[in-house]
Amino acid sequence: MPTERTPLVSDQDGTSEPVQYTAVQDAKKPKKKQTPLPKVQLFAMMLIQFCEPVTGTVIYPFVVSLVNETGITGGDQAKTGYYAGIIESVFFASEALTAFAWGRASDLIGRRIPLAFGMLCLAAAIASFGLSNKYWPLVVCRCIQGIMNGNIGISKSVIIDITDSTNIAQAFSFIPLTWGLGVVVGPMIGGALSHPAEQWSSTLGKMEFLRQYPYALPCFTAALVPLAAFVFTTLFFKETLPSAVAGKKRQATKGASPDDDVVLPSSALESQGAPPLRALMTRPILIILLNYAFLAWTEQSCTVLLTLMYPTKIEYGGLSLSSFAIGVIMSFVGVMIGVFSLVTYPWLMARYSAKQVYRTCYAGYLASPILFSLMNVIARRRGAVDAPVWILIGIQVVTGAVSIQAFGAFLVLLSQATEAGSMGAINGLAQTVACSMRMFAPFITSSLFSLSQENNLLGGRMVFLFLELVVISGCVAASRIEEGPKSEDE
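Each residue of the sequence shown is one higher than the one before, starting from 1 at the first, in full-length UniProt numbering.
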């Protein structure tokens with residue numbers, strides 16, 4: 001009989017014994033041979049995961065300029081943070097409102113249709129964003145993007161569907177890597193292709209369309225990513241919903257020919273129907289979701305502060321960096337995330353429990369508010385961004401790349417605590433929690449940033465103190481996570 005501590009994924013022989021989610025088993029025990037990852041299925045999910053950071057961050061290098069160009073601020077740069085925060089918040093608000101529904105739908109009708117439909121509509125939404133030069137149409141387009149991104153949790157359910165205890169950690173390690181690549185490509189597109197008529201006046205400058213819509217080119221380019229995901233998913237992705245797989249397997253046993261677009265996952269468990277929401281709320285799940293709330297809030301707040309501080313003038317609490325410089329920095333962030341995902345995360349997961357890895361990586365965020373504050377203080381005193389500030393930016397990039405690995409460890413923790421038959425719903429619920437935090441974090445963080453500067457609260461550094469207190473609280477919450485199977489056995 002499964003309990004609230006029974007992990008979601010079972011052994012290949014179909015037994016219900018709890019499994020160990022370890023990258024390397026205890027040296028005293030015989031090592032279980034790692035099951036090969038289904039490459040095509042996993043690539044499809046990584047392509048879908050890739051869409052969120054690309055379509056989400058492509059606007060970061062120019063969102064401040066875009067908001068000012070709409071005229072909504074009335075020329076007052078101090079108000080930019082409020083309106084930029086609304087654009088970001090509405091994205092995550094709409095995603096939060098739909099993520100659980102997407103996940104529940106995937107448990108009932110399958111993974112394939114919701115994934116493909118969402119990617120097609122996401123491509124249309126980001127393209128429409130580039131055709132908007134008024135503020136409120138931008139908000140509407142961003143809202144639609146959020147709704148379509150609500151299905152991102154389904155891809156994590158698919159990863160659980162197609163893995164077992166020997167390769168689940170390896171599969172989840174690709175998510176931070178994919179995110180890292182996304183935050184490389186997204187800002188590069190946004191920084192390099194915005195205002196193309198001005199950058200290449202002798203060629204693209206002759207096109208009236210690009211002069212009228214200076215942000216259409218980066219948005220159209222970013223839209224190609226979800227469009228490619230839609231095509232690949234439609235053509236090559238095979239259904240992985242455990243109940244559908246089990247049904248096809250029974251048909252094959254009876255002599256019927258199973259549908260070719262169904263893959264038999266190594267951890268397939270037949271769903272017994274969608275359990276009610278209350279039944280999903282076990283103590284381990286609630287504790288893990290609380291930690292996800294802190295993680296999502298912290299990561300989003302750091303990203304918002306980065307996009308606000310870097311382009312804002314030094315006297316207003318920023319660093320006066322150009323869009324190109326911001327794009328280069330954020331791209332370097334992505335490269336470092338990729339490196340740590342390939343090297344550091346597997347090494348940590350091979351030697352420590354998922355809880356230990358999560359706590360260590362999340363604690364890295366303690367440095368971010370301090371670094372943000374020091375960068376502006378030094379820039380104000382020196383009158384420019386020179387070597388000391390660039391050194392701090394470099395330190396921030398490294399600590400951020402380490403901290404982002406907490407997401408991979410979190411996903412393993414979540415899979416350990418999830419009951420069979422609830423993968424889509426639980427991942428959708430987790431996505432709802434994360435999006436709810438990301439909905440409020442941009443608005444509150446950007447508003448605190450503006451208020452801190454306008455009223456000189458703690459010398460303009462009130463927002464950094466607030467974020468530091470949030471991270472400390474998150475570290476306390478991380479200590480409440482129950483020990484996973486690995487740590488108990490060790």
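The beta-carbon is built from N, C-alpha and C at its ideal position, and this holds for glycine as well.
> Taking all protein chains shown into account, do 16 or more other C-beta atoms lie within 10 angstroms of the C-beta of SER353, making it buried, or fewer, making it exposed?
Replying inline: Flag for SER353 reads buried.
> By how many angstroms is the C-alpha of THR166 removed from the C-alpha of LYS33?
Replying inline: If you take the alpha carbons of LYS33 and THR166, they lie about 7 Å apart.
> Buried or exposed: where does ASN456 fall if 16 or more other Cβ atoms within 10 Å of its Cβ makes it buried?
Replying inline: Burial call: exposed.
> Taking Cβ positions, are PHE50 and GLY130 nearer each other than 8 Å?
Replying inline: Not in contact: PHE50 and GLY130 (Cβ atoms no closer than 8 Å).
>> As a quick exercise: from LEU37, THR98, SER473, pick the residue whose alpha carbon is nearest that of PHE172.
In response: Out of LEU37, THR98, SER473, LEU37 has the C-alpha closest to the C-alpha of PHE172.
> Using a Cβ-Cβ cut-off of 7 Å (strictly less than) and excluding sequence neighbours within five positions of CYS435, which residues of its own chain qualify?
Replying inline: Cβ neighbours of CYS435 beyond the five flanking positions: PHE92, GLU95, ALA96, ALA99.
> Hey, quick one: how far does the alpha helix (DSSP H) through PHE230 stretch, first residue to last?
Replying inline: Following the DSSP letters along the chain, one finds PHE230 inside the alpha helix (DSSP H) bounded by residues 216 to 236.
>> Quick check: the Cα distance between ILE481 and PRO284, rounded to an integer number of angstroms?
In response: Spanning the alpha carbons of ILE481 and PRO284 requires a straight line of approximately 7 Å.
>> Between which residues of its own chain and LEU181 is the CB-CB distance below 7 Å, once the five residues before and five after are set aside?
In response: Excluding positions up to five away in sequence, the list reads PHE50, GLY334, GLY338.
> Is ALA127 near PRO114, with beta carbons less than 8 Å apart?
Replying inline: For ALA127 and PRO114, no; Cβs fall outside 8 Å.
> GLU52 bridges to which residues according to DSSP?
Replying inline: None, per the DSSP bridge assignment.
>> Taking the straight line between their C-alpha atoms, what separation do you get for ALA425 and TRP102?
In response: Straight-line measurement puts the Cα of TRP102 at about 8 Å from the Cα of ALA425.
> Just to confirm, are GLY327 and PRO187 a CB contact at a threshold of 8 Å?
Replying inline: Yes; because the gap between Cβ atoms is below 8 Å, this pair is in contact.
> Quick one: what does DSSP say SER482 is sitting in, helix, strand or coil?
Replying inline: First, the amino acid is wrong: residue 482 is Glu here, not Ser. In this structure, GLU482 counts as coil in the three-state DSSP scheme.
>> With a threshold of 7 Å on Cβ separation, who are the neighbours of ALA116 within its own chain once the five nearest residues in sequence on each side are excluded?
In response: Result list for ALA116: PHE230, THR233, THR234, in chain order.
> Of all the options ILE162, GLU52, ALA78, which has the alpha carbon lying nearest to the alpha carbon of LEU122?
Replying inline: That would be GLU52, whose Cα lies nearest to the Cα of LEU122.
>> Can you tell me whether GLY383 is buried or exposed? The criterion is at least 16 other CB atoms within 10 Å of its CB, across all chains shown.
In response: By the neighbour-count rule (16 or more Cβ atoms within 10 Å), GLY383 is not buried but exposed.
>> Let me confirm a value: SER368 is counted as buried when at least 16 other C-beta atoms fall within 10 Å, else exposed. Which label applies?
In response: Answer is buried; the Cβ neighbour count reaches 16.
>> Within a Cβ cutoff of 6 Å, which residues of the same chain sit near LEU366, ignoring the five residues on either side of it in sequence?
In response: Counting only Cβ-Cβ distances below 6 Å, and skipping sequence neighbours, we find VAL471.
>> Would ALA222 and ILE175 be called neighbours here (beta carbons separated by less than 8 Å)?
In response: Against a cut-off of 8 Å, the Cβ pair of ILE175 and ALA222 comes out as no contact.
>> Can you list, in chain order, the residues of its chain with a C-beta nearer than 6 Å to that of SER473? Leave out the 5 residues immediately preceding and following it.
In response: Cβ neighbours of SER473 beyond the five flanking positions: none.
> In or out: THR55 buried (at least 16 other Cβ within 10 Å) or exposed?
Replying inline: Label assigned to THR55: buried.
> How far does the alpha helix (DSSP H) with ILE113 in it reach, from first residue to last?
Replying inline: Note, ILE113: alpha helix (DSSP H), 112 to 130.
>> My assumption, with CB atoms under 8 Å, is that THR314 sits in contact with ARG380. Please give the rounded CB distance.
In response: In the sequence as displayed, the identity of residue 314 is Ile instead of Thr. Right, the Cβ-Cβ distance comes to about 6 Å (below 8 Å), so this counts as a contact.
> DSSP on VAL471, reduced to helix/strand/coil?
Replying inline: Correct three-state label for VAL471: helix.
> Going straight from the alpha carbon of CYS475 to that of PHE449, what length do you get?
Replying inline: Roughly 23 Å between the two C-alpha positions.
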